[in-house]
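Trainee: Chains as they are written, first to last, in this note's numbering: chain A, 281 to 577; chain B, 5 to 300. Dumping the structure here so I can ask a few things about it.
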Amino acid sequence: MVRLWREGLRAFGPIGWAYVVAALGVWLLFMILVPQLIMIDFSLRPLLPLRELGGPKDVWTLKNYGQLLANGLHRTIFLKTIWSSIVVTLAALVICYPISFHLAKVARAAPRRWLMIGLIIPYWINELLRLFAWQLILADRGLFNHLLMQLGVIAEPVNFRAGNGAVILGMAYAYVLFMIFPLYNAMESLDRHQLEAARDLGASRARIHRDIVIPHAKPGIAVGCIMTFMLAAGSIAAPQLLGSPSSFWFTEIIYTNFETANWNQGAAYATVLAGLCLAFVFLMLKVFRLRLEELAQ
Amino acid sequence: MMSSRTVRRFTSAAYITLFFTYLFLPLLFMGIVAFNRSSIPQVTPWEGFTLKWFRHLYADDQLWPALQNSFVVGGAVVAIAVPIGLAGALFLTRLHFRARDVCYALLVSPILTPGIILGISTFLFWDRWFHVSGGLWTAVIGQATFISAYCMLLIMARLQRFDRTQEEAAFDLGGTHLQVFLKITLPFLRPALVSSAVLAFMQSFENYNTTLFAIGFQQTLPIYIGTKLRVFISPAMNALAVIFITLTVAGAVLYEYCRVREGRLKFMRSKKTDAPRHSDPHRRLPSGRPAARRHA
Numbered sequence: 281m282v283r284l285w286r287e288g289l290r291a292f293g294p295i296g297w298a299y300v301v302a303a304l305g306v307w308l309l310f311m312i313l314v315p316q317l318i319m320i321d322f323s324l325r326p327l328l329p330l331r332e333l334g335g336p337k338d339v340w341t342l343k344n345y346g347q348l349l350a351n352g353l354h355r356t357i358f359l360k361t362i363w364s365s366i367v368v369t370l371a372a373l374v375i376c377y378p379i380s381f382h383l384a385k386v387a388r389a390a391p392r393r394w395l396m397i398g399l400i401i402p403y404w405i406n407e408l409l410r411l412f413a414w415q416l417i418l419a420d421r422g423l424f425n426h427l428l429m430q431l432g433v434i435a436e437p438v439n440f441r442a443g444n445g446a447v448i449l450g451m452a453y454a455y456v457l458f459m460i461f462p463l464y465n466a467m468e469s470l471d472r473h474q475l476e477a478a479r480d481l482g483a484s485r486a487r488i489h490r491d492i493v494i495p496h497a498k499p500g501i502a503v504g505c506i507m508t509f510m511l512a513a514g515s516i517a518a519p520q521l522l523g524s525p526s527s528f529w530f531t532e533i534i535y536t537n538f539e540t541a542n543w544n545q546g547a548a549y550a551t552v553l554a555g556l557c558l559a560f561v562f563l564m565l566k567v568f569r570l571r572l573e574e575l576a577q
Numbered sequence: 005m006m007s008s009r010t011v012r013r014f015t016s017a018a019y020i021t022l023f024f025t026y027l028f029l030p031l032l033f034m035g036i037v038a039f040n041r042s043s044i045p046q047v048t049p050w051e052g053f054t055l056k057w058f059r060h061l062y063a064d065d066q067l068w069p070a071l072q073n074s075f076v077v078g079g080a081v082v083a084i085a086v087p088i089g090l091a092g093a094l095f096l097t098r099l100h101f102r103a104r105d106v107c108y109a110l111l112v113s114p115i116l117t118p119g120i121i122l123g124i125s126t127f128l129f130w131d132r133w134f135h136v137s138g139g140l141w142t143a144v145i146g147q148a149t150f151i152s153a154y155c156m157l158l159i160m161a162r163l164q165r166f167d168r169t170q171e172e173a174a175f176d177l178g179g180t181h182l183q184v185f186l187k188i189t190l191p192f193l194r195p196a197l198v199s200s201a202v203l204a205f206m207q208s209f210e211n212y213n214t215t216l217f218a219i220g221f222q223q224t225l226p227i228y229i230g231t232k233l234r235v236f237i238s239p240a241m242n243a244l245a246v247i248f249i250t251l252t253v254a255g256a257v258l259y260e261y262c263r264v265r266e267g268r269l270k271f272m273r274s275k276k277t278d279a280p281r282h283s284d285p286h287r288r289l290p291s292g293r294p295a296a297r298r299h300a
């Protein structure tokens, strides 16, 4: 610690070091760490009327977490959120892998630039508006129903938004870009000669991907999956806009808790969600046999 | 019979076309709806071309304060996130210590945390410690928590390519830390600082998840859009989408144009100065003797 302080002083001078320490201290303590701890503290306390705060009843308890096990509906929604997010992640991976590979290793420079711009444009259009587009397509009098009725496939409009399908579809649409860029970055650094050598030696295309591309792109695949899963599990816009009462999302329960001023219950469920995303990070590290630092490249 | 190469080319072209259709068709559809006279957002039946939804949008008295808030919040986020990101980048690239990886993981963790968690924790923290209830300020702080990390990564990427000997030379010539930083490091980092400021503003401008939980009863543009889309859907939102899409496309094309032009200028400049030095062995030195003979 003392050594770090001296090195900092030497590297940045007194003014520079004071700035670095102050800015990082504020960020790390007052924006990242303490708020999370306060949230956990809230989650461990029961909901009490104002005058009982700090009183004998205001002690730590796991009651708010127990609610997740006790309430069957909440439990079902929680589990559904997990598997739906996994479905979204896998769908995004399958959709994006060929595109990323094409961009990174097949396309020539000029078309690649235009394809990249084509990817960036929808990325910068507000998530809500992108989901709204699907709301219009899947509505009772929307594009899909209209087309299917014109073609004579169905006689009555189908309610596409009844189950989880619409939410999953919308998420797979809205979050594909968060999968493409990490995959692309990882694949771009792969040496093209390795692919040519493998081809010259007679490796099949499947083999090239299995033995060369995927092992090389592992960190990118892991980052893409982590981002997509986190966005899907933590999404509130997609279920709000595309869901129906029958497709409640875990984040919506949290939102309802805050709307009804039950901050403690909301904090507990938010902590569970954060824990879930953290667990997914470690799962990905385990699956791809990576160390945490390797994700950063 | 087609060769396997042709087949492969055809399938990949088909897949790319399909993928970009999937990306853009919903947006195109949403845009067309904005010009339909029907008061339900739909393309069919087409009741005639109109611009009245743009007028409806313009006349909405909730839109303008929300837009103004978005600009205020975005500006504040840039003012906080860029300096913090710069400090983080300097700290992680310049110093070597054992806990560096842990520090890195902690500082990047807000990017990997769901936005609603950042919103909730910021909201609860400011309420309990400072008795500040949710509003524009908590929204700024909540957003800056993760946007700072994006800025840090962008600045770090450039800082890693920095040639430290330049700084050392300046120190040897008696420059102070502040002088060296202002005259050498900062100019080198300028492109990264500008792009991180732009990125920070755009991230803030479109943020929904964190803001929704941190902002209390105020509205930014995404919160306004979200409320509108949940309560009562009007084609005025399609008009807003058309404006968004037009601005984004214009921005992307302008950016590309500038890059190509800049690249061409650089290329021409390099041709004038560098190219003959390497390519022409018979180039004469100012004294009039062929350059090649010098080595002979």
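C-beta: ideal position from N, C-alpha, C; glycine also.
So, using beta-carbon positions, are A/Y377 and A/L463 closer together than 8 Å?
Mentor: Here residue 377 of chain A refers to the residue found at position 97 when the first sequence is read from its first residue. Here residue 463 of chain A refers to the residue found at position 183 when the first sequence is read from its first residue. The beta carbons of A/Y377 and A/L463 sit closer together than 8 Å.
Trainee: Assign A/L431 to buried or exposed, taking buried as 16 or more other Cβ atoms, counted over all protein chains shown, within 10 Å of its Cβ.
Mentor: Within the first sequence, residue 431 of chain A is the residue found at index 151, counting from 1. Exposed is the label assigned to A/L431, since fewer than 16 other Cβ atoms lie within 10 Å of its Cβ.
Trainee: Going along chain A, which residues have a C-beta under 7 Å from B/M206?
Mentor: To locate residue 206 of chain B, count along the second sequence from 1; it is residue 202. The contacting residues are W404.
Trainee: A/I312 and B/T149: beta carbons closer than 8 Å?
Mentor: Position 32 of the first sequence, counted from the start, is the residue given in the question as residue 312 of chain A. Position 145 of the second sequence, counted from the start, is the residue given in the question as residue 149 of chain B. A contact, by the Cβ cut-off of 8 Å.
Trainee: Do the region 350-367 of chain A and the region 539-546 of chain A make contact, defined as three or more Cβ pairs closer than 8 Å?
Mentor: no
Trainee: Pull up the CB-CB distance for A/I256 and B/L116, whole angstroms please, since I reckon it's below 8 Å.
Mentor: Here chain A covers residues 281 to 577 and nothing more, so residue 256 of chain A does not appear.
Trainee: Using a cut-off of 7 Å between C-beta atoms, extract the partners of B/I88 located in chain A.
Mentor: Your numbering for residue 88 of chain B matches position 84 in the second sequence. Simply A303 and W307.
Trainee: Please decide whether A/M319 counts as near chain B, where near means a Cβ-Cβ distance under 8 Å.
Mentor: Looking up residue 319 of chain A in the first sequence gives position 39. Output row for A/M319: interface = yes.
Trainee: Select from A/D338, A/G555 and A/L324 the residue whose C-alpha is nearest the C-alpha of A/L330.
Mentor: Locating residue 330 of chain A in the first sequence gives position 50, where the first residue counts as 1. Checking every option, the nearest Cα to that of A/L330 belongs to A/D338.
Trainee: Under 8 Å between C-beta atoms, does B/Y62 make it to chain A?
Mentor: The residue you call residue 62 of chain B lines up with position 58 of the second sequence. Under the Cβ criterion of 8 Å, B/Y62 is not counted among the residues facing chain A.
Trainee: Residues of chain B with a CB under 7 Å from the CB of A/F322: which are they?
Mentor: One-based indexing of the first sequence puts residue 322 of chain A at position 42. Result: L128.
Trainee: For A/L416, I'd like the list of residues in its chain whose CB is within less than 8 Å of its CB, leaving aside the five on either flank, ordered along the chain.
Mentor: Taking the first residue of the first sequence as 1, we reach residue 416 of chain A at position 136. Cβ within range, chain order: G422 and L423.
Trainee: Mark A/F530 as exposed unless 16 or more other C-beta atoms lie within 10 angstroms of its C-beta, in which case mark it buried.
Mentor: Indexing the first sequence from 1 puts residue 530 of chain A at position 250. Its Cβ being crowded by 16 or more others within 10 Å, A/F530 is buried.
Trainee: Counting pairs of beta carbons, one from the region 385-401 of chain A and one from the region 211-229 of chain B, are three or more of them closer than 8 Å?
Mentor: no
Trainee: Once the 5 residues before and after B/A279 are set aside, which same chain residues still bring their CB inside 8 Å of it?
Mentor: Counting from 1 along the second sequence, the entry for residue 279 of chain B is found at position 275. Here the model assigns B/A279 a pLDDT of 45, short of 50, so the residue's position is not dependable, and the following value carries that caveat. The answer is none, since no qualifying residue turns up.
Trainee: Work out the CA separation of A/T508 and A/L563 for me, nearest whole Å.
Mentor: If you number the first sequence from 1, residue 563 of chain A lands on position 283. If you number the first sequence from 1, residue 508 of chain A lands on position 228. Using only the alpha carbons, I get a separation of about 14 Å.
Trainee: Look at B/G119 and A/G514 and say whether their C-beta atoms are less than 8 Å apart.
Mentor: Taking the second sequence and counting its residues from 1, the one referred to as residue 119 of chain B is at position 115. Taking the first sequence and counting its residues from 1, the one referred to as residue 514 of chain A is at position 234. It is a contact, given that the beta carbons lie within the stated cut-off.
Trainee: Roughly how far, in whole angstroms, is the beta-carbon of B/A38 from the beta-carbon of B/A245, given that I think they are within contact range, below 8 Å?
Mentor: Stepping through the second sequence from its first residue, residue 38 of chain B is reached at position 34. Stepping through the second sequence from its first residue, residue 245 of chain B is reached at position 241. Confirmed, about 7 Å.
Trainee: Quick one: what's B/F53 bridged to in DSSP?
Mentor: To locate residue 53 of chain B, count along the second sequence from 1; it is residue 49. For B/F53, which the question treats as bridged, DSSP gives the partners B/N40.
Trainee: In the DSSP assignment, the alpha helix (DSSP H) including B/I121 goes from what residue to what residue?
Mentor: Working through the second sequence from its first residue, we reach residue 121 of chain B at position 117. Unbroken alpha helix (DSSP H) run through B/I121: G119 to F134.
Trainee: Under the criterion of a Cβ to heavy atom distance below 7 Å, does A/S527 qualify as lining the ligand FMN?
Mentor: Among the components modelled here there is no ligand, and therefore nothing to report on the ligand FMN.
Trainee: When you compare the CB of A/H382 with every CB in chain B, is at least one pair closer than 8 Å?
Mentor: As a working note, residue 382 of chain A is residue 102 in the first sequence. Yes, because at least one Cβ of chain B sits closer than 8 Å to the Cβ of A/H382.
Trainee: Thinking C-alpha only, which one of A/E468, A/L521 and A/Y403 is nearest B/I249?
Mentor: Start at 1 with the first residue of the second sequence, and residue 249 of chain B comes out as number 245. The residue with the shortest Cα to Cα distance from B/I249 is A/Y403.
Trainee: With C-beta atoms as the reference, is B/V86 less than 8 Å away from B/S200?
Mentor: What you label residue 86 of chain B is simply residue 82 of the second sequence in a count that begins at 1. What you label residue 200 of chain B is simply residue 196 of the second sequence in a count that begins at 1. In this structure, B/S200 lies closer than 8 Å to B/V86 by Cβ.
Trainee: Please list the partners that B/T301 has in chain A, where partner means a Cβ-to-Cβ separation under 7 Å.
Mentor: This structure cannot speak to residue 301 of chain B, because chain B is shown only from 5 to 300.
Trainee: Exposed or buried, B/K232, counting other C-beta atoms within 10 Å across all chains shown (16 or more means buried)?
Mentor: By 1-based counting over the second sequence, the position of residue 232 of chain B is 228. Answer is buried; the Cβ neighbour count reaches 16.
Trainee: Would you mind giving the Cβ-Cβ distance between A/L373 and A/M459, rounded to the nearest angstrom? I have them listed as a contact below 8 Å.
Mentor: Against the first sequence, residue 373 of chain A aligns to sequence position 93. Against the first sequence, residue 459 of chain A aligns to sequence position 179. Rounded, the Cβ-Cβ distance is 6 Å, consistent with contact.
Trainee: What do you get for B/C262, buried or exposed, if any count of 16 or more other CB atoms within 10 angstroms of its CB means buried?
Mentor: As a working mapping, residue 262 of chain B is identified with position 258 in the second sequence. Exposed, by the Cβ-count rule.
Trainee: Assign A/W340 to one of two classes, buried (16 or more other C-beta atoms within 10 Å of its C-beta) or exposed (fewer than that).
Mentor: By one-based count along the first sequence, residue 340 of chain A stands at place 60. By the 10 Å Cβ count, A/W340 comes out exposed.
Trainee: When the Cβ atoms of the region 89-104 of chain B are set against those of the region 127-135 of chain B, are three or more pairs found closer than 8 Å?
Mentor: no
Trainee: Which residues in chain A sit within 9 Å of B/Q46, going by Cβ to Cβ distance?
Mentor: Working through the second sequence from its first residue, we reach residue 46 of chain B at position 42. Simply L416, A419, R421, G422, L423 and H426.
Trainee: Tell me, to the nearest whole angstrom, how far the beta carbon of B/F101 is from that of A/L284; I am working on the premise that it is less than 8 Å.
Mentor: Position 97 of the second sequence, counted from the start, is the residue given in the question as residue 101 of chain B. Position 4 of the first sequence, counted from the start, is the residue given in the question as residue 284 of chain A. Their Cβ separation, rounded to whole angstroms, is 5 Å, which keeps B/F101 and A/L284 in contact under 8 Å.
Trainee: Could one say the Cβ of B/G139 lies closer than 8 Å to chain A's Cβ atoms, at least one of them?
Mentor: Here residue 139 of chain B refers to the residue found at position 135 of the second sequence. For B/G139, the closest Cβ of chain A is not nearer than 8 Å.
Trainee: Tell me the residue span of the alpha helix (DSSP H) that contains A/M451.
Mentor: As a position in the first sequence, residue 451 of chain A is number 171, starting the count at 1. Start and end: G445 to E468.
Trainee: Quick one, which of A/L395, A/I488 and A/L572 has its alpha-carbon nearest B/Y19's?
Mentor: Sequence index remark: in the second sequence, residue 19 of chain B carries index 15 (1-based). When each option's Cα is compared against that of B/Y19, the closest is A/L395.
Trainee: At 9 Å on the CB atoms, spell out the chain A contacts of B/R132, in chain order.
Mentor: As a first step, residue 132 of chain B must be located in the second sequence, where it is residue number 128. Here the neighbours are I318, D321 and F322.
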